[in-house]
Each structure stands twice: as structure tokens, then as C-alpha cells.
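First up is the structure itself, then whatever we jot down about it.
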Amino acid sequence: MSEQVYIRLGRDFDQPISWLLYSTTEDEVIASGELANAGQLEELTERARGKTLDVLVSAEAVTLTQVELPEKGQRQALKALPFMLEEELAQDVEQCHFVVGPIDNNIASVAVVAKAQMSQWLDWLAAAELTPRKMVIDVLSLPHDSEQWSAIQLGEQWLLRLQAGQGMSVSPEWLSLLAAKEVADAADEERDPISVAAYSPLELPMLEVRQQTLELPLLVLAKGAAKAPMNLLSGEFAPKREYFKAFKLWQKVAVVAGVCLLLGMLNNGLQWYLYNAEADALEEQASKVYQQLFNSTPRKGLVRTQIDSKLRELQGGGEGSQLFSVMDELDKAFEEVPSLKLSGIRYDANRQELRLSIKAENFAHIEQFQNLASQQFDVNAGSMNDSGEMITGTITIKER
Numbered sequence: 001m002s003e004q005v006y007i008r009l010g011r012d013f014d015q016p017i018s019w020l021l022y023s024t025t026e027d028e029v030i031a032s033g034e035l036a037n038a039g040q041l042e043e044l045t046e047r048a049r050g051k052t053l054d055v056l057v058s059a060e061a062v063t064l065t066q067v068e069l070p071e072k073g074q075r076q077a078l079k080a081l082p083f084m085l086e087e088e089l090a091q092d093v094e095q096c097h098f099v100v101g102p103i104d105n106n107i108a109s110v111a112v113v114a115k116a117q118m119s120q121w122l123d124w125l126a127a128a129e130l131t132p133r134k135m136v137i138d139v140l141s142l143p144h145d146s147e148q149w150s151a152i153q154l155g156e157q158w159l160l161r162l163q164a165g166q167g168m169s170v171s172p173e174w175l176s177l178l179a180a181k182e183v184a185d186a187a188d189e190e191r192d193p194i195s196v197a198a199y200s201p202l203e204l205p206m207l208e209v210r211q212q213t214l215e216l217p218l219l220v221l222a223k224g225a226a227k228a229p230m231n232l233l234s235g236e237f238a239p240k241r242e243y244f245k246a247f248k249l250w251q252k253v254a255v256v257a258g259v260c261l262l263l264g265m266l267n268n269g270l271q272w273y274l275y276n277a278e279a280d281a282l283e284e285q286a287s288k289v290y291q292q293l294f295n296s297t298p299r300k301g302l303v304r305t306q307i308d309s310k311l312r313e314l315q316g317g318g319e320g321s322q323l324f325s326v327m328d329e330l331d332k333a334f335e336e337v338p339s340l341k342l343s344g345i346r347y348d349a350n351r352q353e354l355r356l357s358i359k360a361e362n363f364a365h366i367e368q369f370q371n372l373a374s375q376q377f378d379v380n381a382g383s384m385n386d387s388g389e390m391i392t393g394t395i396t397i398k399e400r
């Protein structure tokens, strides 16, 4: 029998926690219940031991939004997402965890959650020796149909899934207000109001309610968790790989064979660790370069310039799209000369030129980068400064 555990966490420590033990082979609930708060999670330690654990978290703690991406340069635009959303968020983007979901017709769904909230959830679970395979947002685990909303009541809240990557958790009063707004929007757009697939008893006179089979709310969410479009356990919160678990399988093997096997596995594990360490280092390096490109702390004026260029791009091109296009075409030159690093960037829309602040170990690397970039652009080197350990200077890139 294949058994799986589902736990739904609230935003705060004292909020009730629903849990479910489910047999995937028998398609039936083995056990379910509710804990008073996160301090009682240890009651699930033995139930979850040796089983797959998926965690759902309350949409109350997550901002679900959408961003329009340019048709070209989407990779660069996705890197700039945190700063494109900066004005929408109540806290510093550096303190937020971003997860990109479905992209439909250049519209990207994005989930934003405070890093402190992510750490808090994981700390609750770790204290109870619970290791989740994935962490998904409860509203995005509801069944999805592009022709209707999905709704279910959990406690005093209603969970709504509005689109593939959009949803919300609301009170009954807000649910009525949303229905009224949908009716008004439909009238303005000369269309029929959307219907609602209800997985809990629901009376909503303003909209057509299609009552679905009634099941445990957490069971409905558990069945949809596998198809949820965003897993919050990504980036810095991705599960850590455990390289040496398999060693326990060989404890009773003959000494010589065991030693040989252990040495082989140690070697493979070390290689795997080194590859991941290198990947983590590159990711950290890219993150720093990205912050320098689009944040330039503490030069807030440059941040606003970059945000404005992205917003102009979203409105149909212009300076933002030119910048992304030039940066995209320069990718190959940066890859060929990895020792050359960016320390700043400024786009002059009037002159239509890109000014790069760079640093390298020697002049040869700078010259190599210039030669590669000059195959597509007019390249001019500005003043260079040799500190003895590093060459710093500026390079101006202009489209021909």
C-alpha cells in the first residue's frame, strides 16, 4: 500500500493545522485530523515516517500576481521580476522569495512569499522531524477549469482558484463582494458572468454555482497538489540532497566488498557534491551580478531607471526592450570571457548606447571581450585603472 501524508500550514504558529493520511493505491483516506497549532506537529512524526510528505500552505501568506513579459528577451525579464514588482510589495524584494508559475501569452504568474515566512514553516516541520517533498499553495491545489472559478471552504475562509496560477483566500463577506464585482465586470465587457464550481455547500445568488461532489476539504486539495503549478521549495529553499543514505544498505556486506563499494560511493558522492557546490557558487555569482545590474544599491536613482525601462517595455517596447536585446546578444561574449565581471550598467536612451563598468584580471581579457562584442556592436573602451590586482574601467556598447 502506497501511503502519502498531506499537511496544511497556516500563516501563524497558533493557527489550526489540517492533516491527512491517504492511500494512493486504494484511493481512500486512512486517517485525518486537525492540530491546534504548529507546536503539535510532532504528533505526526511517526505517522509520516517513511512516507511521502507534501505540504500545503495558506494563500494568506503568499502574494499571487501576474507580470506581462516582452516577446523577446524573456529570460532577462524574468531575472528582473523582483524589481519589476518592487512597488507592489509591502517589503524589500531582497527579503522575498519569488517563484514563477505558468506563462500564457507572455503573461507570467508569480508567487511571492517572505523568506522569513518560508524559514518559519520549514522550522516548524524540522522541529517535528518532518521533511516535505514539496510545498504548494492551497488555492492552486483546487481543480482548475479556465471556464469557471473553483471554491471550497476551509475553516472560516473560502479558498478560490481563479486562473491557472491565480487564486486567493477570502472571508465569506469578501466572496460576496468578488461575485458582485464579477457581475459588474461581465456587464461592462458584454459577456456572461463566470460560474463557480463549489466543493463545499455555497449559496451565491449573483453567480451560477455548480455544486460538486462533497469531500473532505483537505482531500480535495491533496488530489490537486500533484498538479499545483508552483513548488515553493525552490532556489535557496530547495530540499538538500542526502548523498550518503544508500550506505546503510551495505552494512552487512562482507568487509572487503563493503569497503570497495563505500569508496566508490564516496567518490561519486564527492563529485556530485562538487558539481552542486559549483552550481550554487555560479548561482550566487549570477545573483550578485543581477543585483548590481538592476538594483545598484545604494544608487536608488538607477533602480528607478531600470524599473521604468522595464515598465516601458511592458507597454510595448522602447528603451527596455533595447536594453534586454543588447544584453541578450552580449551573453556569448560574457560566456567566452568568464573572468571579466560586470560591476555596473547604465543605458543612455538619448545616445542609444550601453555603458558597462567592468573589472578583469588583466588587459588581455578586456581586449578579448571587446573583440567578441565588436562583431555585432560598435565598442569603445573608456579609461582603465590598474590597481595591481584588478583592472577596472568602462566599455561603451552601441548598436550599428
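Residue numbering for the sequence shown follows the UniProt record's numbering, starting at 1 and increasing by one per position.
All C-beta atoms in this analysis are idealised placements derived from N, C-alpha and C, irrespective of residue type, glycine included.
All of these numbers come straight from a predicted model, not from anything done at the bench.
{"Item": "Distance CB(I137)-CB(A111) smaller than 8 Å", "Value": "yes"}
{"Item": "Which listed residue (P143, S2 and E86) has its alpha carbon closest to that of V67", "Value": "E86"}
{"Item": "Separation of G155 from L314, as counted between CA atoms", "Value": "Confidence in L314 is poor, its pLDDT being 35 and thus under 50, which makes the residue's placement too unreliable to answer from."}
{"Item": "Euclidean distance between Cα positions of L69 and F98", "Value": "16 Å"}
{"Item": "Reduced DSSP category for P82 - H, G, I as helix; E, B as strand; rest coil", "Value": "helix"}
{"Item": "DSSP state of R8 mapped onto helix, strand, coil", "Value": "strand"}
{"Item": "Identity of the residue in G224, S119, A127 and L81 nearest S150 by Cα", "Value": "G224"}
{"Item": "Proximity winner among V379, Q376, I358 and Q368, relative to T394 (alpha-carbon distances)", "Value": "I358"}
{"Item": "Proximity winner among S200, N385, T392 and A226, relative to L53 (alpha-carbon distances)", "Value": "A226"}
{"Item": "Cβ pair M118, N231 closer than 8 Å", "Value": "no"}
{"Item": "Nonlocal neighbours in the same chain, by C-beta distance under 6 Å from V326, ignoring five residues either side", "Value": "L354"}
{"Item": "Beta carbon of P102 nearer than 8 Å to that of G167", "Value": "no"}
{"Item": "Spatial distance of L20 from Q4 (CA atoms)", "Value": "8 Å"}
{"Item": "E94 in three-state terms, based on DSSP", "Value": "helix"}
{"Item": "Three-way DSSP call (helix, strand, coil) for S309 in this model", "Value": "Summary for S309: the model assigns pLDDT 48, below 50, so the residue's position carries little reliability, and this model does not support an answer."}
{"Item": "L64 versus M84: straight-line alpha-carbon distance, rounded", "Value": "14 Å"}
{"Item": "Contacts around Q95, its chain only, beta-carbon distance under 8 Å, and the 5 residues preceding and following it disregarded", "Value": "A114, K115 and A116"}
{"Item": "Residue from A381, Q91, A38 and P229 whose Cα sits closest to the Cα of D12", "Value": "A38"}
{"Item": "Alpha carbon of S141 to alpha carbon of L221, nearest angstrom", "Value": "5 Å"}
{"Item": "Whole-number beta carbon distance between V57 and W121, since they are thought to touch under 8 Å", "Value": "6 Å"}
{"Item": "Status (buried if at least 16 other CB within 10 Å, exposed otherwise) for K341", "Value": "buried"}
{"Item": "Short Cβ contact (8 Å threshold) for E42 with P16", "Value": "no"}
{"Item": "8 Å Cβ cutoff met for V196 and S169", "Value": "no"}
{"Item": "Rounded C-alpha distance that separates S383 from D14", "Value": "60 Å"}
{"Item": "For F369, the first and last residue of its enclosing alpha helix (DSSP H)", "Value": "F363 to A373"}
{"Item": "Beta-ladder partner(s) of E353, from DSSP", "Value": "D348 and K398"}
{"Item": "R47, enclosing alpha helix (DSSP H) - first and last residue", "Value": "T45 to A48"}
{"Item": "Simplified DSSP assignment, three categories, for F334", "Value": "helix"}
{"Item": "Proximity winner among L219, F363 and I397, relative to S23 (alpha-carbon distances)", "Value": "L219"}
{"Item": "Sequence-distant residues of the same chain with beta carbon closer than 6 Å to F237, five excluded per side", "Value": "M118"}
{"Item": "Among D348, E389, Y199 and L178, the one whose alpha carbon lies nearest that of H144", "Value": "Y199"}
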